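Take the sequence shown: its letters are residues -16 to -1, 1 to 855, numbered as in mature numbering (1 follows the signal peptide of the UniProt record, and there is no 0).
Backbone N, C-alpha and C define an ideal beta-carbon position, used for all residues, glycine too.
These numbers were taken from a predicted model, which means no experiment stands behind them.
Quick notes on the structure that follows.
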Amino acid sequence: MKLFLTIIFIIASVNAVKEYLFKSCSQSGFCNRNRHYATEVSNCENFQSPYSIDSIKVDNDTITGVVFKHLPQLDHPIQFPFEISILEGNFRFKLTEKENLVAKNVNPVRYNETEKWAFKQGVTKSSNFDVSLRDNEARVIYGDHEVLIQYHPIMFVFKYAGKEQLRINDKQFLNIEHRRTRDENDNNMLPQESDFNMFSDSFQDSKFDTLPLGPESIGLDFTLLGFSNLYGIPEHADSLLLRDTSSGEPYRLYNVDIFEYEPNSRLPMYGSISLVVAAKPDVSIGIFWLNSADTYVDIHKSKSSTVHWMSENGILDFIVIIEKSPAMVNSQYGKVTGNTQLPPLFSLGYHQCRWNYNDEKDVLDVHAKFDEYEIPYDTIWLDIEYTDEKKYFTWHKENFATPEKMLRELYRTGRNLVAIIDPHIKTGYDVSDEIIKKGLTMKDSNNNTYYGHCWPGESVWIDTLNPNSQSFWDKKHKQFMTPAPNIHLWNDMNEPSVFNGPETSAPKDNLHFGQWEHRSIHNVFGLSYHETTFNSLLNRSPEKRPFILTRSYFAGSQRTAAMWTGDNMSKWEYLKISIPMVLTSNVVGMPFAGADVGGFFGNPSSELLTRWYQAGIWYPFFRAHAHIDSRRREPWLAGEPYTQYIRDAIRLRYALLPLFYTSFYEASKTGTPVIKPVFYENTHNADSYAIDDEFFIGNSGLLVKPVTDEGAKEIEFYLPDDKVYYDFTNGVLQGVYKGGKKPVQLSDIPMLLKGGSIIPMKTRYRRSSKLMKSDPYTLVIALDEEGSASGKLYVDDGETFAQGTEVIFTVDNNIINAKKIGPTASISFEKIIIASKDQTTTLNNPKLDINSDWSLPFSFDSHRKIEHDEL
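So this is what it looks like as structure tokens:
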């Protein structure tokens, strides 16, 4: 029976996404009810909101109060205590329910621990604000921000830079479904409310949901004044710019195993980050909805836009960030949730993966072929078939009989191995037996171990919300990974994916540690799993930065994992949609993101595979991956001239590793995207806001436009400003880009370098990033119209947490200056290439290092172009 279910799932999963498996808003009880309430309120001319603020008090670093909900049939209001704080310079509002409803096995309190997973350690409140209280309002001033809080009807009005920017509950969509029993329901309804699926679930696959606490959803509207360009709330296979949902489905945030997702869709996917970023000239806003339950988001766009959040349960908790630019919003968001960890250097190289490499010989043959074809790579991956009958923490006894020997051979040339370990544990062996015995499993609604089906057949799931799971996970990883220093981990299927579960996931009335329902914690489950894995690797090797790839994620995942966009297809439209998907991840603070190069399902044409590699080198996470039924497609199998073009693309990624590593360093410090949308560069350019097919690499000035159309013969860059840009196609300076159509051949990787930029490169071929460590650098300097430029390089050992060296480069008056920050480092240069609008020059073997600051005068040779062989 187990094998039969697995086979059925495999067959189903190679067809297009089956939308009927996933709830629409009209089928979801809480979304249906909240949309109904919003419609009724909007259509009522003299609507009197039942909500009011009773009073506000100030106590050092916290403002407290109570929201009353008045019901016609009750002689007393329902009470919702709240607190307001200024968190790392941002406005936070947090509201819960005073009365609790007791139900068997279930924690009676509204779930209030999302921040435990989303926030970084050490987030602090500030008492540096002023409050003035009046009869029907309070005014809060902090920094350049002012918030007017109106008591009845409740409304929050935010001012920044002296102007109104945001109104909360301006539409009066605030809706808090307070706790009540089925028998009490008639006396606890508002006239504008619907009772659809309040105490039951009519959806086909979740009709057994017991809903022990009844209706408990929350909804609230945010009106962004003068903002029509909104971004964020991944994960969706859609455009960078959020669309208006007035006449269609809302965006849904509910982590699910979506199989072959469809482009241009608002269906939920594997991860959720509930952050909306809005931008206009000189002002940007971030709205962080801190809720880990199933959530729908309606977007209504015009000159001002409204964001309507609707979550199934939990407390009402949100953070408002208002700053001058989207980059500053990223920075403020990072102060709360943390920035990306600086990844180990090898993880920014090329990753070769498929489901599955068959055995040790297969792995080492592929490994050797890369060297034979002189293609650099850093990591080869093993999917689920390396295990003994899909039992994690084991190796297949015949196919992987000597994994230590295989790992040593990879290590000899600086290569790494990533192995998959998922949260579903096959029943009937020591690992599952032990977690059941220790009480570390996810439970069903009766508080018994939950059994479901996944790749191994019948499985149990480790409950990584249980703090006792950490020591068990530490022990298993230490046994599995010791003594190899070059093995790393992949956490897949951690939404969690349950083949026979509702919406391909766990039943919402399952229970976790603390007796919290799964419906309350669903979107943080994947984060809890990969964070537990991260801690296990850190406990195993405290000095080393771990590398983990996760499929499921939430706000805060950026601190401990990379992500990828899941099961895409070998079609041009999936290549095209991957760019805005990865850009969106960067906009919301999860920059270590990528997509399966070549597409997971299917067999790409040689042209598509080539173009996908040429685009994939720009993904912060660069991995080729394929389904078990897809044909082999390692780079040398493409045949010439495609293999040469793919080799050139991968080598270009390696040449630019210093730039990527420096961009990640900046992201780890400031939250800036590693690949940055064009509108970040100039928010005054109205046309830039919708551009999602080109992007900048960090703050480097390198502008990239991958070719994503079949048979393309030309492309045209959109320039966000009037600065000079240099044609840098294939990493070779070729003069000033004059604008207009640019011819492209299949061998071309179109890129421009903005005047005023300095980028570091390493251009010698090596087999892996580790073997590049001692290689000298090349500096490419593109002068602006004033003859100036600046750039940055960051260097460390690429592995540990030891402090590195930052080098700031500037050019003024034909003098190159280098300023060192941090310890002395072994950094030398073999070439400096300098371009102005009219001429170029190359300084070969300048005999410079970074043991101290230096200045280097230069002058231009006679007019000449830089030849290809100079790079």
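What is the residue span of the beta strand (DSSP E) that residue i lies within?
| i | result |
| --- | --- |
| Arg123 | Glu121 to Tyr126 |
| His795 | Inspection of the sequence shows that residue 795 is occupied by Val rather than by His. Counting along the chain, the beta strand (DSSP E) containing Val795 begins and ends at Thr789 to Asp796. |
| Pro661 | Ile659 to Pro661 |
| Leu208 | Ile202 to Leu208 |
| Ile799 | Ile799 to Ile805 |
| Arg392 | No beta strand (DSSP E) holds Arg392; the alpha helix (DSSP H) holding it covers Pro387 to Arg396. |
| Ile419 | First-last for Ile419: Asp414 to Lys421, but that is the alpha helix (DSSP H), not the beta strand (DSSP E). |
| Ile283 | Thr279 to His284 |
| Ser774 | Ala773 to Val779 |
| Leu736 | Met735 to Lys738 |
Considering only their Cβ atoms, is the gap separating residue j from residue i smaller than 9 angstroms?
| i | j | result |
| --- | --- | --- |
| Tyr35 | Ile138 | yes |
| Pro328 | Glu650 | no |
| Pro218 | Tyr280 | no |
| Asp406 | Asp476 | yes |
| Ile404 | Trp365 | yes |
| Arg227 | Pro252 | no |
| Asp551 | Phe576 | no |
| Ile818 | Val791 | no |
| Val107 | Lys319 | yes |
| Ile269 | Ala263 | yes |
| Lys821 | Gly739 | yes |
| Tyr629 | Ser731 | yes |
| Leu332 | Ser753 | yes |
| Val1 | Ser249 | yes |
| Met565 | Ala221 | yes |
| Ala622 | Ile601 | no |
| Pro440 | Lys381 | no |
| Leu259 | Phe648 | no |
| Ala766 | Gly682 | no |
| Leu79 | Ile152 | no |
| Gly198 | Leu85 | yes |
So who's on the other strand from residue i, going by DSSP bridges?
| i | result |
| --- | --- |
| Ser672 | Note: Ser672 sits in no beta bridge, so no partner. |
| Thr824 | Ala819 |
| Val304 | Phe75 and Ile271 |
| Ser309 | In DSSP, Ser309 forms no bridge with anything. |
| Gly216 | Val260 |
| Lys41 | Thr48 |
| Gln134 | Glu121 and Met139 |
| Leu533 | Trp474 and Ala546 |
| Asp193 | Paired residue(s): none; Asp193 is not in a bridge. |
| His129 | Tyr126 and Tyr144 |
| Ala577 | Met547 |
| Ile743 | Val764 |
| Arg338 | DSSP output for Arg338 lists no bridge partner at all. |
Report back the beta-carbon spacing between residue i and residue j to the nearest angstrom; my notes put them in contact at under 8 angstroms.
| i | j | result |
| --- | --- | --- |
| Glu81 | His136 | Actually they are not in contact, since the Cβ atoms of Glu81 and His136 sit about 19 angstroms apart, beyond 8 angstroms. |
| Val437 | Phe377 | One point to set straight first is that residue 437 is His, not Val, in the sequence displayed. Wrong, their Cβ atoms sit about 20 angstroms apart, outside the cutoff. |
| Arg635 | Pro360 | 6 angstroms |
For the alpha helix (DSSP H) that residue i lies in, which residues bound it at each end?
| i | result |
| --- | --- |
| Ala352 | Glu344 to Glu356 |
| Arg19 | Gly13 to Asn27 |
| Pro407 | Unbroken run through Pro407: none, as it is neither H nor E. |
| Arg631 | Tyr626 to Ala639 |
| Leu763 | Segment Tyr761 to Ala766 is the beta strand (DSSP E) holding Leu763; no alpha helix (DSSP H) there. |
| Pro564 | Trp556 to Val571 |
| Phe113 | No alpha helix (DSSP H) contains Phe113, which DSSP labels as neither H nor E. |
| Asn478 | Unbroken run through Asn478: none, as it is neither H nor E. |
| Asp458 | Ser453 to Met465 |
| Phe6 | Counting along the chain, Phe6 falls outside any alpha helix (DSSP H), and DSSP gives it neither H nor E. |
Is any heavy atom in the ligand FMN found nearer than 8 angstroms to the beta carbon of residue i?
| i | result |
| --- | --- |
| Pro440 | Judged by which ligands are present, the structure shown has none, so any question about the ligand FMN falls away. |
Check the Cβ-Cβ distances between residue i and every residue of chain B, and say whether any is below 9 angstroms.
| i | result |
| --- | --- |
| Tyr645 | Although the question refers to chain B, the structure presented lacks it and comprises just one protein chain. |
- Message: Pairs of beta-carbons, one from the region 606 to 615 and one from the region 568 to 580, closer than 8 angstroms: are there three or more?
- Response: yes
- Message: Using a Cβ distance threshold of 8 angstroms, determine whether the region 290 to 305 contacts the region 265 to 278, with at least three qualifying pairs required.
- Response: yes
- Is the region 178 to 185 touching the region 5 to 18 in the sense that three or more CB pairs, one from each, lie closer than 8 angstroms? yes
- Item | the region 505 to 521 contacting the region 464 to 475, beta-carbon criterion three pairs below 8 angstroms | yes
- Query: With a cut-off of 8 angstroms, do at least 3 Cβ pairs link the region 664 to 673 to the region 772 to 787?
  - Reply: no
- Message: Check whether the region 708 to 719 and the region 792 to 801 are in contact - that is, three or more C-beta pairs closer than 8 angstroms.
- Response: no
- Is the region 71 to 91 touching the region 494 to 503, taking contact as three or more C-beta pairs under 8 angstroms? yes
- Give a yes or no on contact between the region 46 to 54 and the region 279 to 296, applying the rule of three or more CB pairs nearer than 8 angstroms. no
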